[in-house]
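A.B. asks: Chains as they are written, first to last, in this note's numbering: chain A, 364 to 725; chain B, 364 to 725.
A virtual CB, placed ideally from N, CA and C, is assigned to each residue, including glycine.
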């Protein structure tokens with residue numbers, strides 16, 4: 364069987380060039396005579412990969428030495444805990460903006476550590492089918508940070524422009540759209556992203572933390588749970604997930620080779636234009652429940668007239684080589700996850716399939 | 364350059380057959396048309412790997428359904444925290460047996476959560492060059508558990524027989540000798556092991572927990588930090604480190620193909636006989652500081668007459684294709700880490716090198 368078009372929501376597609384390179388040197392990494400999986404994390408060979416991966420992420424984001432890039436474990440789920448554990452206590456407050464399932468998960472953990480103000484939620488009115496507007500935000504002037512989820516994988520929404528919060532640092536779960544478009548990183552005290560969408564394999568979490576925000580983290584925590592440890596030890600306090608970091612390194616090289624954030628933004632906008640164009644071309648047949656200005660370029664969700672047609676769409680799609688089209692079980696419908704790896708040519712193929720399907724089953 | 368003899372202390376050698384299999388299907392996992400790195404953790408393809416890896420570990424250990432096998436992240440360092448967080452509070456007590464650096468790290472974190480009794484330590488008299496005897500243990504009858512480190516990578520010591528603790532469950536950091544020999548698992552409430560020595564690549568931690576001990580874990584913790592979450596969700600609460608689990612699966616298949624714990628014990632005893640035999644054959648030239656009944660079969664440490672000779676040994680060893688012979692920076696000397704992957708034939712080659720070196724530089 365040939366390789367297929369992979370629209371899995373995460374873990375998700377990794378560029379073929381990255382996989383090929385990993386395959387080629389799997390038994391003998393950079394001429395060392397061993398696999399990168401077998402290489403000591405204290406060796407110069409691994410440290411070069413580790414440091415180069417950090418440098419590439421900084422270069423892609425356009426950030427300087429006032430930010431640190433950390434490679435942690437435990438996914439966004441552990442960051443839901445580490446963020447409030449490091450920054451809150453019973454006398455401290457934070458703002459959370461709730462735009463879906465993952466924001467709710469972050470909120471639930473944060474409530475254990477401090478007083479949380481829900482600065483906005485789009486649950487009630489339209490069940491998370493939009494991102495709140497700046498004018499809706501009820502920000503707490505005494506908040507230590509404002510937390511948001513930059514892209515919502517289940518509901519198919521994404522912040523087109525990040526909110527303004529004055530001097531209060533933004534903290535963002537960017538797991539599902541990190542490095543997918545240009546943005547100003549300066550307002551962010553901390554960004555975190557599980558690798559398995561836009562960065563590499565599951566098992567490493569990238570945390571980008573601004574030095575002045577790092578300085579405010581609680582140092583009096585278990586060693587592995589304070590950001591100070593990992594920043595001070597360059598994420599080598601304990602053994603990092605070396606192979607996952609290595610694939611991130613290769614993936615970041617691919618991003619730079621494809622134009623960095625400029626290239627990714629262009630690529631993702633083209634894909635969005637193609638796919639939302641196809642949906643909007645068949646109103647009443649394909650229906651996207653998301654407000655137009657909140658549409659995600661990473662996870663495109665839409666419905667067909669009936670669940671039977673949706674099942675047929677997923678089934679026939681799979682037979683045609685399109686994997687992972689089923690919407691999240693909590694909302695149903697169709698979901699096309701098209702992170703950085705997916706090229707416009709793949710979306711063009713999918714659009715042909717959609718047009719064909721609509722004509723045959725209209 | 365050919366592949367070399369890899370004595371790295373961790374991440375360490377992985378069986379060539381495991382790496383070859385991983386390489387072979389890196390672009391197309393089990394005919395799915397995608398890499399295992401790109402496969403959804405909710406797919407039947409990945410779940411089969413996940414469940415089969417658990418089953419193989421249970422089969423190797425000879426444990427039944429009263430134990431659960433979890434795949435977590437964060438290494439032993441996070442287990443140093445999760446264990447006391449789940450089992451202690453200011454009114455609860457635990458015993459810790461201190462046999463080296465890693466026990467000290469575990470102790471340091473545990474002290475944050477409850478009252479810790481140091482049941483024994485071998486630091487004072489001979490700087491961790493032995494394992495305490497049963498008669499030395501001052502066990503607290505009210506302890507919730509007794510924690511020990513089964514093998515000490517830096518000091519080259521290993522428990523030949525685990526201590527008897529009556530009804531109090533043992534909790535063990537087995538990161539550096541898990542699945543290397545036969546032992547009775549029943550007294551263990553919980554065993555944990557970072558994968559990067561005897562199981563696979565860094566980035567996954569195997570936790571084996573007995574149901575009655577699991578039942579006593581604190582459920583009122585952040586979701587990702589209570590054992591209940593991971594046991595209930597079969598380690599799929601959040602995205603697991605899928606690729607690392609997949610390599611563990613292949614590695615466990617290799618262990619079973621090589622005779623399970625019987626085969627590993629025989630293999631490791633043979634290696635120990637060869638290497639300690641060579642050391643003891645040159646008394647005054649090669650010196651192992653460890654008491655004979657505490658000698659590790661995983662990490663063999665020894666000294667040469669001078670540091671200059673030790674440097675020459677490491678350098679000439681490397682040139683001869685032996686990687687990772689340098690002792691830990693805190694203790695110096697030579698260290699040969701020979702986890703399950705390393706075969707007796709490799710140790711025979713090393714012994715030839717040692718004999719040759721002693722004759723030339725004696």
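Determine the extent of the alpha helix (DSSP H) in which residue 624/A is found, giving its start and end residues.
C.D. replies: 623 to 644 is the extent of the alpha helix (DSSP H) around residue 624/A.
A.B. asks: Using the Cβ count rule (16 or more neighbours within 10 Å means buried), how would you classify residue 364/B?
C.D. replies: Only weak support exists for where residue 364/B lies, its pLDDT of 46 falling under 50; the value from the coordinates is given anyway. Result: exposed.
A.B. asks: Measure the C-alpha to C-alpha separation of residue 512/A and residue 465/A and round it to an integer number of angstroms.
C.D. replies: For residue 512/A and residue 465/A, the distance between alpha carbons rounds to 7 Å.
A.B. asks: Quick one: which unbroken beta strand (DSSP E) runs of 3-plus residues sit fully inside the region 526 to 558 of chain B? Chain order, please.
C.D. replies: Qualifying beta strand (DSSP E) stretches, in chain order: 533 to 536 and 551 to 557.
A.B. asks: So which residues of chain B does residue 363/A contact, with C-beta pairs closer than 9 Å?
C.D. replies: Look at the range of chain A in this structure, 364 to 725, and you will see that residue 363/A is not part of it.
A.B. asks: Report back the beta-carbon spacing between residue 507/A and residue 455/A to the nearest angstrom; my notes put them in contact at under 8 Å.
C.D. replies: Between residue 455/A and residue 507/A the Cβ distance is about 5 Å, and since that is below 8 Å, they are a contact.
A.B. asks: Return the chain-ordered ranges of every beta strand (DSSP E) run that is complete within the region 565 to 627 of chain A and spans a minimum of 3 residues.
C.D. replies: DSSP runs (the beta strand (DSSP E)) wholly in the region 565 to 627 of chain A: 568 to 573.
A.B. asks: Is it right to say residue 557/A is buried, meaning 16 or more other beta carbons lie within 10 angstroms of its own, or is it exposed?
C.D. replies: Looking at its Cβ environment, which holds 16 or more other Cβ atoms inside 10 Å, residue 557/A is buried.
A.B. asks: Could you check the C-alpha separation between residue 713/B and residue 635/B for me, to the nearest Å?
C.D. replies: Spanning the two alpha carbons is a distance of roughly 12 Å.
A.B. asks: Is there a Cβ of chain B sitting closer than 9 Å to that of residue 713/A, yes or no?
C.D. replies: No, no contact with chain B.
A.B. asks: Which residues of chain A have a Cβ atom closer than 9 Å to the Cβ of residue 606/B, listed in chain order?
C.D. replies: Within chain A, the residues near residue 606/B are 374, 564, 565, 566, 606, 607 and 610.
A.B. asks: I need the straight-line Cα distance from residue 527/B to residue 537/A, nearest angstrom please.
C.D. replies: Residue 527/B and residue 537/A: Cα-Cα distance of roughly 49 Å.
A.B. asks: Closer than 9 Å by beta-carbon distance: list the chain A residues that pair up with residue 698/B, in chain order.
C.D. replies: The contacting residues do not exist; residue 698/B stays about 12 Å from chain A at best.
A.B. asks: Please name the residue, chosen from 378/A, 443/A and 701/A, that lies closest to residue 570/A on a Cα-to-Cα basis.
C.D. replies: The candidate whose alpha carbon is nearest that of residue 570/A is 443/A.
A.B. asks: Whole angstroms are fine: how far does the CA of residue 474/B sit from the CA of residue 493/B?
C.D. replies: Distance between the alpha carbons of residue 493/B and residue 474/B: 24 Å.
A.B. asks: Check whether chain B comes within 9 Å of residue 479/A, counting only Cβ atoms and requiring the distance to be less than that.
C.D. replies: Output row for residue 479/A: interface = no.
A.B. asks: What in chain E is Cβ-close to residue 413/A, meaning under 8 Å?
C.D. replies: Structure shown: chain E not included; protein chains present are A and B.
A.B. asks: How about the region 418 to 431 of chain A and the region 561 to 576 of chain A: do they share at least three Cβ pairs that are nearer than 8 Å?
C.D. replies: Because the criterion of three Cβ pairs below 8 Å is met, the region 418 to 431 of chain A and the region 561 to 576 of chain A touch.
A.B. asks: Using the Cβ count rule (16 or more neighbours within 10 Å means buried), how would you classify residue 646/B?
C.D. replies: By the neighbour-count rule (16 or more Cβ atoms within 10 Å), residue 646/B is not buried but exposed.
A.B. asks: Out of 595/A, 585/A, 672/A and 624/A, which one is the CA nearest neighbour of residue 441/B?
C.D. replies: Minimum Cα distance to residue 441/B is reached at 585/A.
A.B. asks: Given that a residue counts as buried once 16 or more other Cβ atoms are within 10 Å of its Cβ, and exposed if not, what is residue 687/B?
C.D. replies: Buried, because 16 or more other Cβ atoms sit within 10 Å of the Cβ of residue 687/B.
A.B. asks: In the DSSP assignment, find the unbroken alpha helix (DSSP H) run with residue 420/A in it and report its ends.
C.D. replies: That run of the alpha helix (DSSP H) goes 407 to 424.
A.B. asks: Do residue 381/A and residue 614/A have their beta-carbon atoms positioned less than 9 Å apart in this structure?
C.D. replies: Result yes, Cβ atoms of residue 614/A and residue 381/A sit closer than 9 Å.
A.B. asks: Flag residue 364/B as yes if its beta-carbon sits less than 9 Å from any beta-carbon of chain A, otherwise no.
C.D. replies: Any answer about residue 364/B is weak, because its pLDDT of 46 lies below 50 and its placement is not dependable; what the coordinates show is given next. Yes - at least one Cβ of chain A is within 9 Å of the one on residue 364/B.
A.B. asks: Under the assumption that residue 480/A contacts residue 503/A (Cβ atoms under 8 Å), give the Cβ distance between them as a whole number of angstroms.
C.D. replies: Correct: roughly 4 Å between the Cβ atoms.
A.B. asks: Alpha carbon to alpha carbon, how far is residue 709/A from residue 596/B?
C.D. replies: Those two C-alpha atoms are separated by around 34 Å.
A.B. asks: I want to know whether the region 676 to 686 of chain B touches the region 644 to 663 of chain B - three or more CB-CB distances under 8 Å.
C.D. replies: The region 676 to 686 of chain B, when compared against the region 644 to 663 of chain B, does not touch it at the 8 Å Cβ threshold.
A.B. asks: List, in chain order, every chain B residue whose beta-carbon is nearer than 8 Å to that of residue 385/A.
C.D. replies: Those within 8 Å of residue 385/A in chain B are 389.
A.B. asks: Which residues of the region 430 to 446 of chain B have a Cβ closer than 7 Å to any Cβ of chain A? Give them in chain order.
C.D. replies: Flagged, chain order: 436, 437, 438, 440, 441 and 444.
A.B. asks: Measuring only the C-alpha atoms, how far is residue 676/A from residue 720/A?
C.D. replies: Each residue's Cα considered, the two are about 7 Å apart.
A.B. asks: Based on the DSSP secondary-structure assignment, which residues constitute the bridge partners of residue 663/A?
C.D. replies: DSSP output for residue 663/A lists 699/A as bridge partner(s).
A.B. asks: State yes or no: is the C-beta of residue 434/A within less than 9 Å of the C-beta of residue 416/A?
C.D. replies: Yes, the pair counts as a contact, with Cβ atoms nearer than the cut-off.
A.B. asks: Just the chain B side, please: which residues come within less than 9 Å of residue 510/A by C-beta, in chain order?
C.D. replies: None at all; the shortest Cβ gap to chain B is about 15 Å.
A.B. asks: I'd like the list of long-range same chain contacts for residue 369/B, defined as Cβ closer than 7 Å, with 5 residues on each side in sequence excluded.
C.D. replies: Correct list, in chain order: 375, 376, 686 and 687.
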